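What follows is a short report on a single structure.
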Amino acid sequence: MRVAKNASFLLSGNLLNKILSFLMGILLANYLGPEGYGKYTYAFALVTLFVFVPDLGIPQLTVREVAREKGLANKYLANSILFRGIISLLVAGVLIGVVLVLEDSRETIYLVAFISLSLVFISISSSFEVICSAFERMQYRALMSNLKNVLLLAGVGLIIFLRRGLIEVGILYLTTCALVAGLFYLVMRIRIIKPKLEIDLEFWKSLVKRGLPFALAGIFFTVYFKIDSVMLRFIRGNEEVGLYNAAYNLIYALSFIPASVTAAIFPRLSEDYIYDRGSLRLGVEKSLKYLWLISLPLTVGGSLLSKSIILSIYHHNYLLSVAIFQILILGLVLIWINMCMYVSLKSVDKQLVVTKISGSGCLFNIGLNSFMIPLWGARGAAMATLITEVAMLTFSFHYFSKYILRPRLSPLMSRPLIAVALMSPVTFYLRGSPLWLTILLSASVYLFALLLLGGISPEERRFFLALLGSRREVR
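Numbering (the numbering used here), first residue to last: 363 to 837.
In structure tokens:
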């Protein structure tokens, strides 16, 4: 099963990435403290707000079009690398100019400058990644992403050992991105296609025009997920940014699961939309179910164990992050379901709908942050995120039901809800026990209850076995 195989590569690869990024984040957070970690996360958030400019929706457009017609691969690859590389360099220049005007911290200026320049190499690697996705060769995408995070973690360890600072972190990030882009080119040339230089200015215009609906959605989502850190920095200072991101990054660390599932299904759904509508509906329905099965116990369990989770990872000077995490974890299940619905809508050429939803959500979130951050700081930003996710799920469910299918909520939700209800007392009673033991026993109760209730069919059990076993094969 190709979808299972690709999801397996992405899940395993993204799991390793998240573990490596997670460890790097913990090391930096505890080494730098809330103030220094606030500078670090603010710098990345600021640069990320401008990532959409060289992106312009081209990656998602490329996946969809090349998945449907493989002969277009080099045309999209060669032109997107040149076009996005030039735009990335211009964006880096603008960002460096902006930060020179706004910031007086030497560390922050240098960090933003190095991260900005890395956008050039990130755009090159991204162009290679989408070709891997379009050809459903996810193992190479996972491999290069893993290599990048291994190098970053090793570099951060060396920086801490040598007692260096944020400037060295920026240099590390830039050189790592450059090295990975070069290695990705070699992998692409040997294993998939041999890129050939091609410049088609008319095609560049076409890329921008057709990618714009994807780009607008990406812009809104990027602003939505990063603007809170930037607003916190200017309203409440670096320390609150550090406390907020210590909690937020734990939620983000789990995003590899829906990201892997949606990245694996997007090429197939795009193809099925043209050739097999029945398979498209089945694939979407199954994906929604799997994400609900996994996200629900994580949301409930994370809420019950929030204090233990924060204090087992960070120093006690991050104690205030517990309340922030308790709010943010409630939005986990909403984020996962929304991600699946957005990708499904894009696969059936409804990216403009996703743009409307994301744009409305972005503006709504900025308004909420403007009101809540001055009153409650990082907790206000967390509440704004949760409220926005509820609103966006309402709209995405409406359009998803209109254009794809109306999910059968009772069969989808009922058994996992009962299983979580049986798990919750166990989690609550064991919350004072070692965290690993509480998680292990809680997960066992949930899985056992789900199996007894028939929440996972024999066919679905075979799918998960294929997911686990498909890594032994390489297409």
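Even for Gly, the Cβ is constructed at its ideal location relative to N, Cα and C.
Just so it is clear, the structure is predicted and the values come from calculations on it, not from any experiment.
Would you call the CB atoms of LEU578 and GLY419 closer than 9 Å? yes
Along the alpha helix (DSSP H) that carries ILE555, what are the first and last residues, could you check? From DSSP, ILE555 is part of no alpha helix (DSSP H); its letter is neither H nor E.
Would you call the CB atoms of LEU408 and LEU481 closer than 9 Å? no
Are LEU631 and VAL710 closer than 9 Å when you measure CB to CB? yes
Alpha-carbon spacing of TYR610 relative to VAL463, whole angstroms: Between the alpha carbons of TYR610 and VAL463 lies a gap of roughly 28 Å.
Boundaries of the alpha helix (DSSP H) in which LYS708 is found, first to last residue: For LYS708, the enclosing alpha helix (DSSP H) has its first and last residue at 694–709.
For the alpha helix (DSSP H) that contains TYR610, what are its first and last residues? 600–615
Quick one, are the C-beta atoms of ILE613 and ILE697 less than 9 Å apart? yes
Whole angstroms is fine: what's the gap from ARG499's alpha carbon to GLY816's? 34 Å
With three or more beta-carbon pairs closer than 8 Å as the criterion, would you say the stretch 661–668 touches the stretch 776–786? yes
Residue range of the alpha helix (DSSP H) that includes PHE490: 468–496
Going along the chain, which residues of its own chain have a beta-carbon closer than 7 Å to the beta-carbon of THR624, five neighbours each way excluded? Residues of the same chain with a CB within less than 7 Å of the CB of THR624, apart from the 5 flanking positions on each side, are MET701, CYS702, VAL705 in chain order.
Go ahead and label SER776 buried or exposed: buried means 16 or more other beta carbons lie within 10 angstroms of its beta carbon, across all protein chains shown. exposed
Would you kindly work out how many angstroms separate the C-alpha atoms of PHE628 and ALA454, rounded to a whole number? 30 Å
N-terminal and C-terminal residue of the alpha helix (DSSP H) that SER758 is part of: 740–765
I'd like to check one pair, GLY400 with GLU602: are the Cβ atoms closer than 9 Å? yes
Nearest-angstrom Cα distance between ALA781 and ILE533? 48 Å
Got a sec, what are the start and stop residues for the alpha helix (DSSP H) ASN679 sits in? Unbroken run through ASN679: none, as it is neither H nor E.
With a CB to CB cut of under 6 Å and the five nearest residues on each side skipped, what residues in its chain are close to LEU830? Per-residue confidence for LEU830 stands at a pLDDT of 49, beneath the threshold of 50, marking its modelled position as unreliable; the derived number appears in the next sentence. Excluding positions up to five away in sequence, the list is empty.
C-alpha distance - SER485 paired with PHE733, whole-angstrom precision: Going from the Cα of SER485 to the Cα of PHE733 covers about 35 Å.
For GLY400, name the three-state secondary structure that DSSP assigns. helix
Thinking just about the alpha-carbon of each residue, which of MET745, THR403, MET386, MET506 is nearest to the one in THR470? THR403
Residue from PHE759, TYR765, LEU681 whose Cα sits closest to the Cα of ARG741: LEU681
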